[in-house]
Amino acid sequence: MSELRDREQAKALQARSVGAAQTTRRFDVPVVVDASKCITGCRVCIESCPVDCLAVDVATGKAHMRHDECWYCLACEIDCPKDAITVKMPFLLR
Amino acid sequence: MTLSGHSDVTIVQVDVVVVGGGSAGSTAAIFAQQALPRGRVLLLEKANIKRSGAIAIGMDGLNNAVIPGHATPEQYVKEITMANDGIVNQRALLAYAENSFAMLQELDRWGVKFQKTETGDFDVKKVHHNGNYVLPMPEGYDLKRILTRRIKQAGVKVVNRVMATRLLLDGERVIGVIGFDTRDGGIQVIYANAVILCCGASGRLGLPASGYLYGTYENPANAGDGYSLAYHAGAELTGIECFQINPLIKDYNGPACAYVTGPFGGHTVNARGHRFIESDYWSGHMMLEFYRELHSENGPVFLKLDHLAPETLLEIERVLHRTERPSRGRFHAGRAQSYATDLVEMHISEIGLCSGHSASGVWVNERGETTVRGLYAAGDMACVPHNYLLGALVYGRICAEQALAYLADQPPPAPRPEHAEQIEAERLRVLAPLSRPNGIPHHQYEYKVRRLVNDYLQPPKSGYRLELALGYLERAEQELTEVGAENPHDLMRVMECHFIRDCAEMAARASLYRTESRWGLYHYRQDYPELDDDRWRVHVNLKKSAQGAMHLLERPVAPYVVPLGAEELRSYHRLRISPEARSIAALGARV
Numbered sequence: 001m002s003e004l005r006d007r008e009q010a011k012a013l014q015a016r017s018v019g020a021a022q023t024t025r026r027f028d029v030p031v032v033v034d035a036s037k038c039i040t041g042c043r044v045c046i047e048s049c050p051v052d053c054l055a056v057d058v059a060t061g062k063a064h065m066r067h068d069e070c071w072y073c074l075a076c077e078i079d080c081p082k083d084a085i086t087v088k089m090p091f092l093l094r
Numbered sequence: 001m002t003l004s005g006h007s008d009v010t011i012v013q014v015d016v017v018v019v020g021g022g023s024a025g026s027t028a029a030i031f032a033q034q035a036l037p038r039g040r041v042l043l044l045e046k047a048n049i050k051r052s053g054a055i056a057i058g059m060d061g062l063n064n065a066v067i068p069g070h071a072t073p074e075q076y077v078k079e080i081t082m083a084n085d086g087i088v089n090q091r092a093l094l095a096y097a098e099n100s101f102a103m104l105q106e107l108d109r110w111g112v113k114f115q116k117t118e119t120g121d122f123d124v125k126k127v128h129h130n131g132n133y134v135l136p137m138p139e140g141y142d143l144k145r146i147l148t149r150r151i152k153q154a155g156v157k158v159v160n161r162v163m164a165t166r167l168l169l170d171g172e173r174v175i176g177v178i179g180f181d182t183r184d185g186g187i188q189v190i191y192a193n194a195v196i197l198c199c200g201a202s203g204r205l206g207l208p209a210s211g212y213l214y215g216t217y218e219n220p221a222n223a224g225d226g227y228s229l230a231y232h233a234g235a236e237l238t239g240i241e242c243f244q245i246n247p248l249i250k251d252y253n254g255p256a257c258a259y260v261t262g263p264f265g266g267h268t269v270n271a272r273g274h275r276f277i278e279s280d281y282w283s284g285h286m287m288l289e290f291y292r293e294l295h296s297e298n299g300p301v302f303l304k305l306d307h308l309a310p311e312t313l314l315e316i317e318r319v320l321h322r323t324e325r326p327s328r329g330r331f332h333a334g335r336a337q338s339y340a341t342d343l344v345e346m347h348i349s350e351i352g353l354c355s356g357h358s359a360s361g362v363w364v365n366e367r368g369e370t371t372v373r374g375l376y377a378a379g380d381m382a383c384v385p386h387n388y389l390l391g392a393l394v395y396g397r398i399c400a401e402q403a404l405a406y407l408a409d410q411p412p413p414a415p416r417p418e419h420a421e422q423i424e425a426e427r428l429r430v431l432a433p434l435s436r437p438n439g440i441p442h443h444q445y446e447y448k449v450r451r452l453v454n455d456y457l458q459p460p461k462s463g464y465r466l467e468l469a470l471g472y473l474e475r476a477e478q479e480l481t482e483v484g485a486e487n488p489h490d491l492m493r494v495m496e497c498h499f500i501r502d503c504a505e506m507a508a509r510a511s512l513y514r515t516e517s518r519w520g521l522y523h524y525r526q527d528y529p530e531l532d533d534d535r536w537r538v539h540v541n542l543k544k545s546a547q548g549a550m551h552l553l554e555r556p557v558a559p560y561v562v563p564l565g566a567e568e569l570r571s572y573h574r575l576r577i578s579p580e581a582r583s584i585a586a587l588g589a590r591v
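Chains as they are written, first to last, in the numbering used here: chain Z, 1 to 94; chain X, 1 to 591.
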């Protein structure tokens, strides 16, 4: 028993100073952009977003939802001049 | 200017800086610039003014319009004194009420569309317990666009996507703002003769029941920035223990909305289909009855519209699905529900701080002045109870006028070495998380703090839980030094975590201090369940002490300018429909 306790004490100490490790995960996001309609270089939706969760996808040059921080307010959808955006309810609320 | 000596620091000097371009800030900037045609008025906005603030997508009505022929300023002052259990600065309420109609007329001239009767009169509705103050704006989706157009016409200098993090001080006078560009991370310093804070509510305080961090009642950009900015500049805050809690569509977490549907015949019912409150106006007392019903054997609670005619429902949808929170329609459709066939299930929101709906905010007088020289505040973050949208506009204008009168007598702030020290300290504080790209991610930190808020601060409150909260929030302050950011966007979220934690500590300390219950659910203490006017007919204020600790103090309630009788003052305590009254009403309906 005491051996276990010693080990646990050492690990508990180590756990407080060991540094950090990370992982990543996918998110289903509410803002869906139709890349065939989205105008490259337009940025209207990106500027409309009150929480700045949209950005240009560097790979495609089109807008996309980069951060999982949407208020489902529809500003991007309403302001898009090409009707390229559809906002769904975030899955957690759907 | 190269006062700081760092290439990432930009310094500008203006006459007035308005922080936050929502309803209050836009109005403050417009009126300041109009009165100062050659002056430099800068509007600083963390988002983009075309879609920012609480009414990013417009508003479906004015909830507190004081219109001649429908209400008098004195009646309004009485109503809000009752709704806020007597703890008000009536002079501040009166200043709003007396300027309410003039601002409404100004909006009318600007092209904001209000509902009018066939004779051209404003079509005022009754939603409050006593008087008539609600003016529908069925086409209110244009409001923010109209304000933005006026800002451009006035020639205001707008800086978007910069978030303020601290105010710049010269001794005990505020002389500017320090912040950073949330796109490129550059530090921005704005020297100004006067600063008007219009940063909105502390809306990311409690965690919505859905668990979605950004599924808040308030626009989640309103993270309590202004509360924290004012606090660290030494300003007093007041009524923080009088939380904002709202009745909302369950899971969607937006208003259902009884203010819009009430005049059409919609109302709140319990699961048995019975009405249980006399008034759907959002007061703490209404929320307490709502909370009790929700958690009783007759819960949950619903908004009932299924008895209304199809054309009435269409009219309601035209408002609710196009303005304020237009995604309501798609939420219901996604669950294959409709107003015609289904009751709208409701619950209560997470807690927040917001004087627009309750009374928690920065202490201001009837001139919009805070307790710090050179600092003004308006809108949801400034304590003028139940001030709503029109109150934000009126006080935006008042702050602009007062700030201009103040700066006429002030020498412009001259940059001094001690300012450079403040700027450098803030630069290091703000940029620190970028040196920890593998630090704790902001969303994990935020989830934890806001979950603590739900566990320990959400009413019903108790002294034991509040004390525990303080311990955990102290720990959370230490943990902020572990939170990291990889880019300026994430840095914005990290600095918002600072605001959120500050607001949580204010909420805990103010709630612990007031050892009575008041404002219905907003400050319901299980260990002190009674309202105690002998001891607690005071404002509870807090401020940062010289030693940097959170200091609580009391201010007397100023003598009323519109007197109320003791019985009258308690009228909001009688909102529950008694079972007897209900059975009599039901009998009457059958006869």
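Idealized CB from N, CA, C, for every residue including glycine.
Put residue i into one of helix, strand or coil per three-state DSSP.
i	result
residue 606 (chain X)	The requested residue 606 (chain X) does not occur in the structure, where chain X is confined to residues 1 to 591.
residue 376 (chain X)	strand
residue 481 (chain X)	helix
residue 547 (chain X)	coil
residue 10 (chain X)	strand
residue 124 (chain X)	coil
residue 433 (chain X)	helix
residue 454 (chain X)	helix
residue 540 (chain X)	strand
residue 20 (chain Z)	coil
residue 192 (chain X)	strand
residue 410 (chain X)	coil
residue 170 (chain X)	strand
residue 163 (chain X)	strand
residue 464 (chain X)	helix
Of the residues the options, which one's Cα is nearest the Cα of residue i?
i	options	result
residue 238 (chain X)	X:566, X:429, X:442 and X:539	X:539
residue 19 (chain Z)	X:436, X:131 and X:452	X:436
residue 447 (chain X)	X:501, X:524 and X:420	X:501
residue 564 (chain X)	X:226, X:275 and X:87	X:87
residue 40 (chain Z)	Z:56, Z:4 and Z:91	Z:56
residue 572 (chain X)	X:361, X:367 and X:287	X:287
residue 507 (chain X)	X:491, X:228 and X:278	X:228
residue 147 (chain X)	X:306, X:271 and X:53	X:53
residue 154 (chain X)	X:467, X:462, X:26 and X:544	X:26
residue 139 (chain X)	X:296, X:316 and X:470	X:316
residue 610 (chain X)	X:185, X:330 and X:66	An answer regarding residue 610 (chain X) cannot be provided, because it is not within the stretch 1 to 591 covered by chain X.
residue 116 (chain X)	X:134, X:518, X:400 and X:337	X:134
residue 510 (chain X)	X:542, X:516 and X:273	X:542
residue 292 (chain X)	X:171, X:271, X:326 and X:398	X:271
Report all residues from its chain with a CB closer than 7 Å to the CB of residue i; omit the five preceding and five following residues, and keep chain order.
i	result
residue 48 (chain Z)	75, 76 and 79
residue 281 (chain X)	127, 128 and 129
residue 150 (chain X)	30 and 110
Going by beta carbon distance, what residues of the same chain come within less than 8 Å of residue i, once the five residues before and after it are set aside?
i	result
residue 575 (chain X)	129, 277, 278, 279, 283, 285, 286 and 289
residue 185 (chain X)	8, 431, 434, 487, 488 and 491
residue 440 (chain X)	479, 482, 483 and 484
Return yes when the Cβ of residue j is within less than 8 Å of the Cβ of residue i, no when it is not.
i	j	result
residue 302 (chain X)	residue 343 (chain X)	yes
residue 380 (chain X)	residue 396 (chain X)	no
residue 226 (chain X)	residue 364 (chain X)	no
residue 243 (chain X)	residue 353 (chain X)	yes
residue 50 (chain X)	residue 163 (chain X)	no
residue 308 (chain X)	residue 265 (chain X)	yes
residue 212 (chain X)	residue 90 (chain Z)	yes
residue 476 (chain X)	residue 433 (chain X)	no
residue 359 (chain X)	residue 99 (chain X)	no
residue 384 (chain X)	residue 93 (chain X)	yes
With a threshold of 6 Å on Cβ separation, who are the neighbours of residue i within its own chain once the five nearest residues in sequence on each side are excluded?
i	result
residue 38 (chain Z)	62, 63 and 84
residue 388 (chain X)	63, 64 and 356
residue 202 (chain X)	224, 227, 352, 353 and 503
residue 430 (chain X)	165 and 180
residue 89 (chain X)	558
residue 588 (chain X)	Confidence at residue 588 (chain X) is low in this model, with a pLDDT of 44, below 50, so its placement is unreliable and the value that follows should be read with caution. There are no such residues.
Exercise. Relative to chain X, which residues along the stretch 12-23 of chain Z have a C-beta separation below 7 Å, given in chain order?
Worked result: 20 and 22
Exercise. At a Cβ cut of 9 Å, what residues of the stretch 50-73 of chain Z count as close to chain X, listed as they run along the chain?
Worked result: 50, 51, 52, 53, 55, 66, 67, 68, 69, 70, 71, 72 and 73
For this session: Give, in chain order, every residue of the stretch 181-194 of chain X whose Cβ lies closer than 7 Å to some Cβ of chain Z.
Result: 182
Exercise. For the stretch 44-61 of chain X, which residues have a beta carbon sitting closer than 9 Å to at least one beta carbon of chain Z?
Worked result: 46, 47, 48, 50, 51, 52, 53, 56 and 57
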